[in-house]
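Read top to bottom, the protein sequences are chains A and B. Numbered by the working numbering, the letters in the first sequence go through residues 67 to 210 in order. Numbered by the working numbering, the letters in the second sequence go through residues 20 to 429 in order. No residue lacks a Cβ here, since even glycine has one placed at the ideal position from N, Cα and C. Notes for the one structure printed next.
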Amino acid sequence: MFMNGTIPWQPVIAELSLAEKGTSSAKVILTGFLVVFAVLFLLIGIIKLYSYAIGKAQQSADNRKRRKIEVVDVPKQPSAPAPRIFAPPEDEDEEVPEEIVAVIAAAVATMYGSPGKARIKSIKKAGGRSAWANAGVLDNTRPF
Amino acid sequence: MEILNGFLEAIKGLYESSGILTLTWQNYVMIAISCFLLYLAIKKQYEPLLLLPIAFGMLLVNLYPAIMAPPHISLVEIPNASDPAAAGHVVQEIGGKVYYENPQYGGLLYYLYQGVKLGIYPPLIFLGIGCMTDFGPLIANPKSLILGAAAQIGIFVTFTGAIFLGFTEAEAGAIGIIGGADGPTAIYVTTKLAPHLLGSIAIAAYSYMALVPIIQPPIMKLLTTKKERSVVMEQLRPVSRLEKIMFPIIVVIVIAILLPDAAPLVGMLMLGNLFKESGVVERIAKAAQNELMNIITIFLGTTVGATASGTNFLKLDTLKIILLGLIAFCMGTAFGVLFGKIMYKLTGGKINPLIGSAGVSAVPMAARVAQKVGQQENPANFLLMHAMGPNVAGVIGSAVAAGVLINVVG
Numbered sequence: 067m068f069m070n071g072t073i074p075w076q077p078v079i080a081e082l083s084l085a086e087k088g089t090s091s092a093k094v095i096l097t098g099f100l101v102v103f104a105v106l107f108l109l110i111g112i113i114k115l116y117s118y119a120i121g122k123a124q125q126s127a128d129n130r131k132r133r134k135i136e137v138v139d140v141p142k143q144p145s146a147p148a149p150r151i152f153a154p155p156e157d158e159d160e161e162v163p164e165e166i167v168a169v170i171a172a173a174v175a176t177m178y179g180s181p182g183k184a185r186i187k188s189i190k191k192a193g194g195r196s197a198w199a200n201a202g203v204l205d206n207t208r209p210f
Numbered sequence: 020m021e022i023l024n025g026f027l028e029a030i031k032g033l034y035e036s037s038g039i040l041t042l043t044w045q046n047y048v049m050i051a052i053s054c055f056l057l058y059l060a061i062k063k064q065y066e067p068l069l070l071l072p073i074a075f076g077m078l079l080v081n082l083y084p085a086i087m088a089p090p091h092i093s094l095v096e097i098p099n100a101s102d103p104a105a106a107g108h109v110v111q112e113i114g115g116k117v118y119y120e121n122p123q124y125g126g127l128l129y130y131l132y133q134g135v136k137l138g139i140y141p142p143l144i145f146l147g148i149g150c151m152t153d154f155g156p157l158i159a160n161p162k163s164l165i166l167g168a169a170a171q172i173g174i175f176v177t178f179t180g181a182i183f184l185g186f187t188e189a190e191a192g193a194i195g196i197i198g199g200a201d202g203p204t205a206i207y208v209t210t211k212l213a214p215h216l217l218g219s220i221a222i223a224a225y226s227y228m229a230l231v232p233i234i235q236p237p238i239m240k241l242l243t244t245k246k247e248r249s250v251v252m253e254q255l256r257p258v259s260r261l262e263k264i265m266f267p268i269i270v271v272i273v274i275a276i277l278l279p280d281a282a283p284l285v286g287m288l289m290l291g292n293l294f295k296e297s298g299v300v301e302r303i304a305k306a307a308q309n310e311l312m313n314i315i316t317i318f319l320g321t322t323v324g325a326t327a328s329g330t331n332f333l334k335l336d337t338l339k340i341i342l343l344g345l346i347a348f349c350m351g352t353a354f355g356v357l358f359g360k361i362m363y364k365l366t367g368g369k370i371n372p373l374i375g376s377a378g379v380s381a382v383p384m385a386a387r388v389a390q391k392v393g394q395q396e397n398p399a400n401f402l403l404m405h406a407m408g409p410n411v412a413g414v415i416g417s418a419v420a421a422g423v424l425i426n427v428v429g
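Take a look at the structure:
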């Protein structure tokens, strides 16, 4: 087929009648609409379900960890009224430089107007990709 | 004298094989169009990563059509079957004359085009996209998938328009998918349903994707009120690494079982995403999103452009496709925003309907447009991450819609 230069995939289909066109359109719209929504709704359900399950599993793992720390801590500090139950992540131990606090406070004040509207309670390093790295990824995905 | 004759013969041969004699007026029109597209790609920077190779492929095929020619056999006349020139060739006799078969190789772009024709490049592009996509906003707010689905309605409505404009079912399916605003998906569906329309559909799809910032805002503003556009959405919850790792595995299982036709696209998208989220194959993830994706983009762009030869492209059907593509795009945006409005009502004003427009895919341009239009009403409003949910949901939605079309009309 290729040898004589013809296009092998060119469809040869007779012209559809008006009724056939209507039927075909209705069939595609109905099927497309229902299937796309059904599949995506199913995904919503599944995502919610596994997110819930993972959340629960992680919560119970955290609880177990807490209990373990309490058990270890209590004999060492018998007189302490409130034993420290959280083991802070290593990152939180790092002190945030004052300059950074000032910059964040300034940004918050710019966003929320007067200083009374918002109060900074704590500043923690976020895990994962930074906002700038995200912007870089967005830039790279732009043509698609 | 013999040297002079030989020289003149050679010059005559060169002249006869040159484009001056062999090219048609359609080729010259296409050369002008490709130069204009090159101008848009370089000067205006409209999707240059794709528009530039597409325009240059278009230029090449109209200057030298044989670059896309398939392999063929030419017959060379010989005095008799025992002629030494025919040694090693198949000899045949036609009308009393003896010929030997001289196989000719196809043009360079013909071979590179096989990756498009066989549906190999679009899934590989999806692999790279998967490596670069963060599904976190979608996992944090799964309802975004509704907006990703709503924006696909334009595809099916445009299908009707195309049918009534005289296209076959398969052609109408390929035209409708332009509304998915997803280049690789549009190319994949077209190669399966109507490969002869590939040039016009790919060019329409990528042109409209480049024009997202111009096409979408008027529709978004027309369908929403100032109050709706000003909604500030709640911050998304953080998503754990385990959720992100499980997402691609679960999505591919569900979609490939329910809709096998969408498996090549969704499968590669999710494989790329698992490369990224697993964090254990960093080298492969980098190769997929950089080297592999760039190489495929060159091959895909150039060969898709090369399908737009003068005789193929300059037809009334091309104009119809460009018009229908625009309708598909506008409808996708409109349905996304309308469903966004429904969600705004149902959630008591917690969802900004503008993020619905990002459901048309076109990652991440459509999400940026939602952010920009939202900020025009409220400069302190940051919708980008909220719009990324429907945006990446749109990629999954388009792939599912592609699977439906291939299955129903293919």
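Around residue 124/A, the beta-carbon contacts reaching into chain B at under 9 Å are 259 and 261.
By the neighbour-count definition (other C-beta atoms within 10 Å, threshold 16), residue 177/A is an exposed residue.
Between residue 284/B and residue 227/B, the C-beta gap is not smaller than 8 Å, which leaves the two residues out of contact.
Within chain B, the residues 161, 162, 164 and 165 have their CB atoms less than 8 Å from the CB of residue 110/A, given in chain order.
Inter-residue distance for residue 195/B and residue 202/B is about 13 Å (C-alpha atoms, whole angstroms).
Annotated three-state conformation of residue 119/B is strand, per DSSP. Under DSSP, the beta-bridge partners assigned to residue 93/B are 121/B.
Every alpha helix (DSSP H) stretch that sits fully inside the segment 226-309 of chain B and reaches 4 residues is listed by chain position as 231-242, 245-248, 260-277, 282-297 and 301-306. Those residues of the segment 268-297 of chain B placed with their C-beta closer than 8 Å to a C-beta in chain A are 269, 270, 273, 274, 277 and 278, ordered along the chain. When Cβ-Cβ separations below 8 Å define contact, residue 151/B makes contact with chain A. Annotation: residue 262/B to residue 406/B spans about 20 Å, alpha carbon to alpha carbon.
Checking the DSSP bridge columns, you'll see residue 110/B partnered with 119/B. Contact between the segment 324-333 of chain B and the segment 213-230 of chain B is present: 3 or more CB-CB pairs across the two stretches fall below 8 Å.
When secondary structure is reduced to three states using DSSP, residue 49/B falls in the helix class. Look at residue 142/B here: in three-state DSSP terms it is helix.
Taking 8 Å as the cut-off, the beta carbon of residue 356/B is found no closer than this to the beta carbon of residue 105/A. Residue environment for residue 163/A: exposed (fewer than 16 other C-beta atoms within 10 angstroms of its C-beta). Against chain B, the beta carbon of residue 94/A has neighbours under 7 Å at 175, 178, 427 and 428, listed in chain order. Going by DSSP, residue 185/A is part of no alpha helix (DSSP H) at all; its letter is neither H nor E. Closest in alpha carbon position to residue 48/B, among 397/B, 368/B, 327/B and 23/B, is 327/B. About 16 Å separates the Cβ atoms of residue 278/B and residue 110/A, ruling out a contact at the 8 Å cut-off.
Taking residue 324/B as the centre and dropping the five residues before and after it, the same chain places the C-beta of 72, 73, 74, 75, 76 and 77 closer than 7 Å to its C-beta, in chain order.
When Cβ pairs closer than 8 Å are counted between the two stretches, the segment 156-171 of chain B is seen not to touch the segment 128-145 of chain B, the count staying below three.
Interface with chain B (8 Å Cβ-Cβ cutoff): residue 196/A is excluded. A distance below 8 Å between beta-carbons, with the five flanking residues on each side excluded, links residue 187/B to the following residues of its chain, in chain order: 213.
Ranked by how close their Cα comes to the Cα of residue 351/B, the residues 339/B, 429/B, 287/B and 413/B have 413/B in first place.
In the same chain as residue 370/B, and ignoring 5 residues on each side of it, the C-beta atoms closer than 6 Å to its own belong to 362 and 363, in chain order. Taken in chain order, the unbroken stretches of alpha helix (DSSP H) that lie wholly in the segment 146-228 of chain B and span 4 residues or more are 155-159, 163-169, 172-183, 188-195 and 202-212. Spatial neighbours of residue 343/B in its own chain (CB-CB distance under 6 Å, excluding positions within 5 residues in sequence) are listed in chain order as 177, 180, 181 and 194. When the Cα atoms are used, residue 310/B and residue 108/A turn out to be separated by approximately 35 Å.
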